[in-house]
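Colleague: Handing you a structure now.
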Amino acid sequence: MGEFDQLYRELILDHYKSPRNHGLLEDADATAEGQNPLCGDEVSVSVRFGEGDVVEEVGFEGRGCAISQAATSMLTDLVKGKTAAEIAAMPKEELLGELGIPLTPVRLKCAILGLGVLKLALNKAKGTPLPDEWGTSVRDLVLE
Amino acid sequence: MAVTTTPALDAARLRADFPIFEQQIHGKPLAFLDSAASSQKPRQMLDAMTEFYETSYANVHRGVYVLAERATEGLELAREKVRALLNAPSAREVIFVRNATEGINLVAYAWGLSRLGPGDLVVVSELEHHSNFVPWQYVASRTGAGFRMISLDEQGELRLEELDAIASEGNVKVVATGVVSNSLGTINPVERLAAWAREHGAIMVADAAQAAPHRKVDVQAIGCDFLAISAHKMCGPSGVGALWGRAELLEEMEPFLTGGHMIRSVGADGTTWGELPHKFEAGTAPMAEAVGFGAAIDYLTDVGLDAIGQYEHELAAYALDRLAELPWVTSYGPPADRRAGIVSFNVDGIHPHDVAQVLDFEGIAIRAGHHCCQPLMRKLGVAATNRASFYLYTIPDEIDRLVDGLHKVKKAFA
Numbered sequence: 001m002g003e004f005d006q007l008y009r010e011l012i013l014d015h016y017k018s019p020r021n022h023g024l025l026e027d028a029d030a031t032a033e034g035q036n037p038l039c040g041d042e043v044s045v046s047v048r049f050g051e052g053d054v055v056e057e058v059g060f061e062g063r064g065c066a067i068s069q070a071a072t073s074m075l076t077d078l079v080k081g082k083t084a085a086e087i088a089a090m091p092k093e094e095l096l097g098e099l100g101i102p103l104t105p106v107r108l109k110c111a112i113l114g115l116g117v118l119k120l121a122l123n124k125a126k127g128t129p130l131p132d133e134w135g136t137s138v139r140d141l142v143l144e
Numbered sequence: 001m002a003v004t005t006t007p008a009l010d011a012a013r014l015r016a017d018f019p020i021f022e023q024q025i026h027g028k029p030l031a032f033l034d035s036a037a038s039s040q041k042p043r044q045m046l047d048a049m050t051e052f053y054e055t056s057y058a059n060v061h062r063g064v065y066v067l068a069e070r071a072t073e074g075l076e077l078a079r080e081k082v083r084a085l086l087n088a089p090s091a092r093e094v095i096f097v098r099n100a101t102e103g104i105n106l107v108a109y110a111w112g113l114s115r116l117g118p119g120d121l122v123v124v125s126e127l128e129h130h131s132n133f134v135p136w137q138y139v140a141s142r143t144g145a146g147f148r149m150i151s152l153d154e155q156g157e158l159r160l161e162e163l164d165a166i167a168s169e170g171n172v173k174v175v176a177t178g179v180v181s182n183s184l185g186t187i188n189p190v191e192r193l194a195a196w197a198r199e200h201g202a203i204m205v206a207d208a209a210q211a212a213p214h215r216k217v218d219v220q221a222i223g224c225d226f227l228a229i230s231a232h233k234m235c236g237p238s239g240v241g242a243l244w245g246r247a248e249l250l251e252e253m254e255p256f257l258t259g260g261h262m263i264r265s266v267g268a269d270g271t272t273w274g275e276l277p278h279k280f281e282a283g284t285a286p287m288a289e290a291v292g293f294g295a296a297i298d299y300l301t302d303v304g305l306d307a308i309g310q311y312e313h314e315l316a317a318y319a320l321d322r323l324a325e326l327p328w329v330t331s332y333g334p335p336a337d338r339r340a341g342i343v344s345f346n347v348d349g350i351h352p353h354d355v356a357q358v359l360d361f362e363g364i365a366i367r368a369g370h371h372c373c374q375p376l377m378r379k380l381g382v383a384a385t386n387r388a389s390f391y392l393y394t395i396p397d398e399i400d401r402l403v404d405g406l407h408k409v410k411k412a413f414a
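First to last, the sequence lines map onto chains A and B. Counting along the first sequence from 1, when you hit position 74 you're at 74 in the working numbering, and nothing is skipped either side. Counting along the second sequence from 1, when you hit position 4 you're at 4 in the working numbering, and nothing is skipped either side.
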């Protein structure tokens, strides 16, 4: 099953089966949730800041496919220690590079759901910008 | 292979009519188990469209030259085939639309907007495809009418005992339900619902997009007022469907889309509408698509809709039996004898996207998602399901491959 191994490589399955930073923070400074209505993936993210808007702790919960949950787990490792502004400016390619798997357009939406929810949480708490392609009316994230 | 009864039709032979099966997917033969979303196309239908384009193509109606006459004849012959398929009293009651969704929107807007108001009720089912749910919810909200759902029992069948309570809440004006559920395969008691609608002076709008490909749909036997179908689910092309409506209702309705072709006379001080069905067919018709639709109807009629329905029952029963062998699979919906060839299921702890993805690597195409039935998904308490759906070209071997594939899914994510 070569194609299977390409998409669901060991690292992805590991994050899916043992998600990092799982569980929402109790005293969070920023939270948001989002879903991909096409497939029913759901992700909630909570963030606690240290000094200078640096993300000190991040926790997530969600349900959905292996790609969406593993990508969110990997994202939480990736963003710790970064400032809200740095994360807001983070291109999705950075996360996709970490994932390192070929994604069809449908699965791409699974992969970047968590990143979108995180950016939304930062926007709500710190007023950091949302990605341009979202327009101005995004409140509850729906990646269609 | 456990299908032991005499097959109602020879699927392996029919399969040869469908060019799509000549290819391999991921190096494996294509097992296409997503016909409820859209069916594959027989060469006979494709040839009919090509021949129309190559020999008879021109814009229809009013042209006085040979090609325009041929094209008009082709379109109107297709209309007659739809009429016969649905046992409609008259071909002028058959309106070509883009798909069943557009047909239902036509009724919701052209009938509903000016006839619904506060105190009125629109009744749909919890099982409904969004196509027959959202237009009614929207028009109800626009007009102030109430919007009610007939709920489902544990087997995914409508609780008809709720009807009296619903009727006591207002004037039932519209009853809108599918004939067959695209998610669970449930066959709805539309005849009874139509009779109930009539008792209350309501119109009955039937979405037969999922029924017409698989069984005989007779508008007079159902007793409905409007019924919509889509060609693409029944071996025809995408981009065309049909709405049937009672002539007396269609005649008193305002138009839905306006523009060319649908007029009688146009002037600066006003425009009058054309006769049925043209009043509801603004702009250039999907001519070649209609011709393909007609050829698809011929194909299905030649195979025999009774035989198709019977065969799909056998496949559904076989699939449910095979899935029941897997204790980590939950399937939804009524028993095989009361459902069409659709099986919705979930694999414990594994998201449908991952299931469908791994099956795709095996050349097996199933659908994973909410199947345009979010109210139903909520009822089932799931975000999404896997759905395998069958048609006249489905062979039991594909169901065996599905089950083998599910074992691989289970192993991969264990």
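A virtual CB, placed ideally from N, CA and C, is assigned to each residue, including glycine.
Hey, would you say residue 343/B sits closer than 8 angstroms to residue 406/B, going by beta carbons?
Modeller: No, the Cβ-Cβ distance between residue 343/B and residue 406/B is not below 8 angstroms.
Colleague: Would you list, in sequence order, the uninterrupted beta strand (DSSP E) runs of no fewer than 3 residues that lie entirely inside the region 130 to 201 of chain B?
Modeller: Listed in chain order, they are 146 to 150 and 171 to 178.
Colleague: Span of the alpha helix (DSSP H) holding residue 3/A?
Modeller: Looking at the DSSP string, the run of the alpha helix (DSSP H) that includes residue 3/A is 2 to 7.
Colleague: Given this structure, state the Cα-to-Cα distance separating residue 13/B from residue 399/B, to the nearest angstrom.
Modeller: Approximately 17 angstroms between the Cα atoms of the pair.
Colleague: According to DSSP, is residue 50/B part of a helix, a strand, or is it coil?
Modeller: It is helical.
Colleague: Which stretch, first to last residue, makes up the alpha helix (DSSP H) that contains residue 81/A?
Modeller: Neither: residue 81/A is in no alpha helix (DSSP H) and is coded neither H nor E.
Colleague: Return the CA-CA distance between residue 67/A and residue 10/A, expressed in angstroms with no decimal places.
Modeller: The alpha-carbon atoms of residue 67/A and residue 10/A are separated by roughly 12 angstroms.
Colleague: If you draw a straight line from the C-alpha of residue 73/B to the C-alpha of residue 149/B, how long is it?
Modeller: Near 43 angstroms, if we compare the C-alpha coordinates of residue 149/B and residue 73/B.
Colleague: Return the bridge partner residues of residue 61/A from the DSSP annotation.
Modeller: DSSP output for residue 61/A lists 44/A as bridge partner(s).
Colleague: Rank 368/B, 285/B and 324/B by C-alpha distance to the C-alpha of residue 99/B and give the top, closest one.
Modeller: When each option's Cα is compared against that of residue 99/B, the closest is 285/B.
Colleague: Please list the partners that residue 303/B has in chain A, where partner means a Cβ-to-Cβ separation under 7 angstroms.
Modeller: The premise fails here: residue 303/B is roughly 33 angstroms from chain A at the closest Cβ pair, so nothing lies under 7 angstroms.
Colleague: If you check the beta carbons only, do residue 131/B and residue 34/B fall under 8 angstroms apart?
Modeller: The answer is no: Cβ separation not under 8 angstroms.
Colleague: Which word fits residue 65/B, buried or exposed, when buried means at least 16 other C-beta atoms lie within 10 angstroms of its C-beta?
Modeller: Exposed.
Colleague: If I follow the unbroken alpha helix (DSSP H) through residue 234/B, where does it start and stop?
Modeller: It is not in any alpha helix (DSSP H) - residue 234/B carries neither H nor E in the DSSP assignment.
Colleague: Here's a check: name, in chain order, each residue in its chain whose Cβ is nearer than 6 angstroms to the Cβ of residue 227/B, leaving out the five neighbours to either side.
Modeller: The answer, listed in chain order, is 206, 208, 219 and 244.
Colleague: If you follow the alpha helix (DSSP H) that residue 103/B is in, where does it begin and where does it stop?
Modeller: It spans 100 to 107 - the alpha helix (DSSP H) in which residue 103/B sits, taken as one unbroken run.
Colleague: When you compare only the Cα positions, how much space is there between residue 383/B and residue 369/B?
Modeller: Distance between the alpha carbons of residue 383/B and residue 369/B: 8 angstroms.
Colleague: Anyone know if the C-beta pair for residue 187/B and residue 339/B falls short of 8 angstroms?
Modeller: Yes, they are a contact pair.
Colleague: Note down the Cα distance separating residue 75/B from residue 115/A, rounded to an integer number of angstroms.
Modeller: In a straight line, the C-alpha of residue 75/B is about 51 angstroms away from that of residue 115/A.
Colleague: For residue 39/B, does the count of other Cβ atoms within 10 angstroms reach 16, so buried, or fall short, so exposed?
Modeller: Counting Cβ neighbours within 10 Å, residue 39/B comes out buried, since at least 16 surround it.
Colleague: Please work out which residues of its chain come closer than 8 angstroms, Cβ to Cβ, to residue 45/B, disregarding the five sequence neighbours upstream and downstream, and give them in chain order.
Modeller: Contacts found: 235, 236, 237, 292, 295, 296 and 299.
Colleague: Please check the pair residue 271/B and residue 332/B, which I expect to be a contact at CB under 8 angstroms, by giving their CB distance rounded to whole angstroms.
Modeller: At roughly 50 angstroms, the Cβ-Cβ gap does not stay under 8 angstroms, so residue 271/B and residue 332/B are not in contact.
Colleague: What's the C-alpha gap between residue 96/B and residue 250/B?
Modeller: The alpha-carbon atoms of residue 96/B and residue 250/B are separated by roughly 14 angstroms.
Colleague: Flag residue 413/B as yes if its beta-carbon sits less than 8 angstroms from any beta-carbon of chain A, otherwise no.
Modeller: Chain A, which has a Cβ nearer than 8 angstroms to the Cβ of residue 413/B, makes this yes.
Colleague: What is the rounded straight-line gap between the Cα of residue 199/B and the Cα of residue 289/B?
Modeller: If you take the alpha carbons of residue 199/B and residue 289/B, they lie about 38 angstroms apart.
Colleague: Suppose you measure from the CA of residue 222/B to the CA of residue 184/B; what does that come to, to the nearest Å?
Modeller: If you take the alpha carbons of residue 222/B and residue 184/B, they lie about 21 angstroms apart.
Colleague: For residue 29/B, name the three-state secondary structure that DSSP assigns.
Modeller: If DSSP states are grouped into helix, strand and coil, residue 29/B belongs with the strands.
Colleague: CB residue 57/A to CB residue 44/A, shorter than 8 angstroms?
Modeller: Not a contact, by the Cβ cut-off of 8 angstroms.
Colleague: Who are the Cβ neighbours of residue 364/B in its own chain at under 7 angstroms, not counting the five residues just before and after it?
Modeller: Cβ neighbours of residue 364/B beyond the five flanking positions: 31, 33, 401, 402 and 405.
Colleague: For residue 266/B, does the count of other Cβ atoms within 10 angstroms reach 16, so buried, or fall short, so exposed?
Modeller: Classification of residue 266/B: exposed, given that the 10 Å Cβ count is below 16.
Colleague: Going straight from the alpha carbon of residue 29/B to that of residue 408/B, what length do you get?
Modeller: Cα to Cα, residue 29/B sits roughly 17 angstroms from residue 408/B.
Colleague: Please classify residue 105/A as buried or exposed, where buried requires at least 16 other C-beta atoms within 10 Å of its C-beta.
Modeller: Looking at its Cβ environment, which holds fewer than 16 other Cβ atoms inside 10 Å, residue 105/A is exposed.
Colleague: Taking only beta-carbon atoms, is residue 71/A less than 8 angstroms away from chain B?
Modeller: Taking Cβ atoms only, chain B never reaches closer than 8 angstroms to residue 71/A, which makes this a no.
Colleague: May I have a chain-ordered list of the alpha helix (DSSP H) segments no shorter than 4 residues that lie completely inside the region 208 to 234 of chain B?
Modeller: Those alpha helix (DSSP H) runs which fall completely within the region 208 to 234 of chain B and span 4+ residues are 219 to 222.
Colleague: Could you tell me which residues DSSP pairs with residue 33/A in its beta bridges?
Modeller: Paired residue(s): 44/A.
Colleague: Excluding the 5 residues flanking residue 87/A on each side, which residues of the same chain have their C-beta closer than 8 angstroms to its C-beta?
Modeller: Correct list, in chain order: 55, 79, 118, 119, 122 and 128.
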